[in-house]
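Each position in the sequence shown, counted from 1, maps to that position plus 84 in this note's numbering.
The beta carbon of each residue, even a glycine, is placed where N, CA and C say it ideally should be.
Following: one structure in structure tokens, then a few remarks.
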Amino acid sequence: MKTQNSTYHIKTDMILAEQIEIDLAKKDLSKFSVLYERYYLQIFKFIYQRVETELQAAEICSDVFIKVMENLKTYKTSEIPFASWLYRIARNTIYTNYKQGKKFRQVNFSSNDLINLTEETYEEQLDKLGIVVEALKKLSHEETELIEMKYFEKRTYFEISNIMGITENNAKIKTFRVIQKLKQLTKLAL
């Protein structure tokens with residue numbers, strides 16, 4: 085199986101520089117602005133793909149960065165990459181809002197993203213796009229999230245495991261099972 089390079093990885097020297105920035109921000113929150121500017125758009129997009137409106141995404145994104153600043157002193161660079169920690173907080177904040185009924189959970193996929201899920205010709209894919217959309221609607225929140233992160237956001241299993249708080253192997257197994265479930269759902273619809 086060929087491993088995909090993720091656009092979310094950063095190089096070792098950048099990680100070390102970021103650790104210094106994190107340490108500075110822990111001592112002086114005004115230094116947090118560097119991290120905020122680096123990650124705001126990424127976190128906003130992550131949230132916006134999972135909620136109904138841009139306003140909801142902006143509100144949740146604000147909540148996320150407030151939580152990050154409040155808990156920055158508890159963050160340990162040795163345990164989880166900073167970006168994964170941010171995404172985990174974003175994911176948990178979305179869940180909290182969803183469970184409280186404040187925000188409607190929505191999956192925002194483009195047609196091109198959905199077409200990439202199957203291995204057929206372009207014309208066949210377009211014909212079956214509606215079936216795939218209906219199958220995706222039948223997945224649980226966690227199952228949909230796995231598909232989003234792996235296939236639409238092109239994240240590695242390592243990143244998914246850190247964001248979801250599961251092992252890398254568990255992320256692989258769960259993703260495989262979701263793909264099998266999607267295949268079954270689409271076969272039933274044909």
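Do Val135 and Ala142 have their CB atoms nearer than 7 Å?
-> no
Alpha carbon to alpha carbon, how far is Tyr132 from Lys82? Give it in angstroms, no decimals.
-> Residue 82 falls outside the range modelled here, since the chain spans only 85 to 274, and no answer is possible.
Count the C-beta pairs between the region 248 to 259 and the region 224 to 238 that are closer than 8 Å, then say yes if the count reaches three, no if not.
-> yes
Whole angstroms is fine: what's the gap from Glu218's alpha carbon to Gln264's?
-> 15 Å
Do you know whose CA, among Thr228, Asn254, Phe242, Gly214, lies nearest Lys271's CA?
-> Gly214
Among the residues of its own chain, which have a CB less than 7 Å from the CB of Leu269, if the five just before and after it don't count?
-> Ala219, Lys222
Straight-line CA distance for Phe188 to Ala101?
-> Note on Phe188: pLDDT 48, under 50, position unreliable in the model; no value is reported.
Taking the alpha carbon of Arg172 as the point to measure from, which residue in Ile106, Met98, Gln126, Val118 has its own alpha carbon closest?
-> Gln126
Would you decide whether Arg261 is buried or exposed? Buried here means 16 or more other CB atoms lie within 10 Å of its CB.
-> exposed
Beta-carbon proximity check, Lys256 vs Tyr241, cutoff 7 Å = yes
In the DSSP assignment, find the alpha helix (DSSP H) that holds Phe116 and state where it starts and stops.
-> It is not in any alpha helix (DSSP H) - Phe116 carries neither H nor E in the DSSP assignment.
Simplified DSSP assignment, three categories, for Leu266 | helix
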